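*Asks:* Questions regarding the structure given below will be posed in turn.
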Amino acid sequence: PTRRSSDLGMSFPFRVGVKGGLRMSGVNSYEYTHINESIFQILTTKKGERVNESYYGSDIDIHLFDPDDLSLQNLLQYEVAKSLSDNEPRIIVTKDDVSIESFEQFNGGHGIAITVQYKLKDYVNAPTQTTTVNIGGVY
Numbered sequence: 503p504t505r506r507s508s509d510l511g512m513s514f515p516f517r518v519g520v521k522g523g524l525r526m527s528g529v530n531s532y533e534y535t536h537i538n539e540s541i542f543q544i545l546t547t548k549k550g551e552r553v554n555e556s557y558y559g560s561d562i563d564i565h566l567f568d569p570d571d572l573s574l575q576n577l578l579q580y581e582v583a584k585s586l587s588d589n590e591p592r593i594i595v596t597k598d599d600v601s602i603e604s605f606e607q608f609n610g611g612h613g614i615a616i617t618v619q620y621k622l623k624d625y626v627n628a629p630t631q632t633t634t635v636n637i638g639g640v641y
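If you read the sequence shown in my numbering, its first letter stands for residue 503, the second for the next number, and so on.
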């Protein structure tokens, strides 16, 4: 795809440029880096956190301290797939494209690693892409 000025947006994470203005993203909207940034933003934003966009984000964080069992895995897979389907129109993701793993860190932090496999909607022959988002833990 060719680059259009409408494809560019603010960089993520938010940064101020060397001249004091906002740093803009250097990738167009159909590059995988841009889509991976969007997936990260959706999964790490709590629903209701954005003003005037109460639907945006996910409710994954409310399950971080639930017992880790098969029903929680299924619930999280569904929540991730639904959040991405509702908020990221460029990709196709189903519950079966999402895997969830718990992790413990050496310093006592706990969290989950969410791995998402997705395809681009507008490019049926594009290869499947994979991205992983860690939620929780100690940074």
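Note that CB positions come from ideal geometry on N, CA and C, so glycine has one too. Since this is a predicted model, take the numbers as computed values, not measurements.
#1: With ILE541 and VAL635 assumed to form a contact (beta carbons below 8 Å), what rounded beta-carbon distance in angstroms separates them?
#2: Check the C-beta distance from SER585 over to ILE544 and give it rounded, since I have them as a contact under 8 Å.
#3: Can at least three beta-carbon pairs, one atom from the region 591 to 606 and one from the region 545 to 558, be found at a separation below 8 Å?
#4: Would you list the one or two residues that DSSP bridges to ALA615?
#5: In the DSSP assignment, find the alpha helix (DSSP H) that holds LYS584 and state where it starts and stops.
#6: In the DSSP assignment, the alpha helix (DSSP H) including GLU539 goes from what residue to what residue?
#7: Reducing DSSP to helix, strand and coil, say where VAL621 ends up.
#8: Could you tell me whether the region 598 to 605 touches the region 616 to 624, using the rule of 3 or more Cβ pairs below 8 Å?
#9: Rounded to a whole number of angstroms, what is the C-alpha to C-alpha distance between ASN589 and PHE608?
#10: For GLY522, which residues in the same chain have their Cβ closer than 6 Å to its Cβ, ignoring the five residues on either side in sequence?
#11: To which residues of the same chain is ASP571 closer than 7 Å at the C-beta, ignoring the five residues directly before and after it?
#12: Counting only the same chain and skipping the five closest in sequence on each side, list residues whose C-beta sits under 6 Å from that of THR630.
*Replies:* Working from what's here:
#1: Indexing the sequence shown from 1 puts residue 541 at position 39. Indexing the sequence shown from 1 puts residue 635 at position 133. With 8 Å as the limit, ILE541 and VAL635 qualify as a contact, their Cβ atoms being about 7 Å apart.
#2: For the purposes of this step, residue 585 is taken as the residue at position 83 of the sequence shown. For the purposes of this step, residue 544 is taken as the residue at position 42 of the sequence shown. Yes, SER585 and ILE544 are in contact; Cβ-Cβ is about 6 Å, under 8 Å.
#3: Not touching, per the Cβ criterion.
#4: Residue 615 sits at position 113 when you count from the first residue of the sequence shown. In DSSP, ALA615 forms a bridge with GLU603, ASN636.
#5: On the sequence shown, position 82 is the one that residue 584 refers to. Start and end: 572 to 589.
#6: The residue given as residue 539 occupies position 37 in the sequence shown. It spans 534 to 546 - the alpha helix (DSSP H) in which GLU539 sits, taken as one unbroken run.
#7: Walking along the sequence shown from the start, residue 621 turns up at place 119. Note on residue identity: the sequence assigns Lys, not Val, to residue 621. If DSSP states are grouped into helix, strand and coil, LYS621 belongs with the strands.
#8: yes
#9: Working through the sequence shown from its first residue, we reach residue 589 at position 87. Working through the sequence shown from its first residue, we reach residue 608 at position 106. Cα to Cα, ASN589 sits roughly 34 Å from PHE608.
#10: By one-based count along the sequence shown, residue 522 stands at place 20. If we look at GLY522 and ignore the five residues flanking it on each side, it has no Cβ neighbours.
#11: On the sequence shown, residue 571 is found 69 positions in, with the first residue counted as 1. Excluding sequence neighbours, ASP571 sits near nothing in its chain.
#12: Numbered from 1 along the sequence shown, position 128 holds the residue referred to as residue 630. Correct list, in chain order: GLN619, LYS621.
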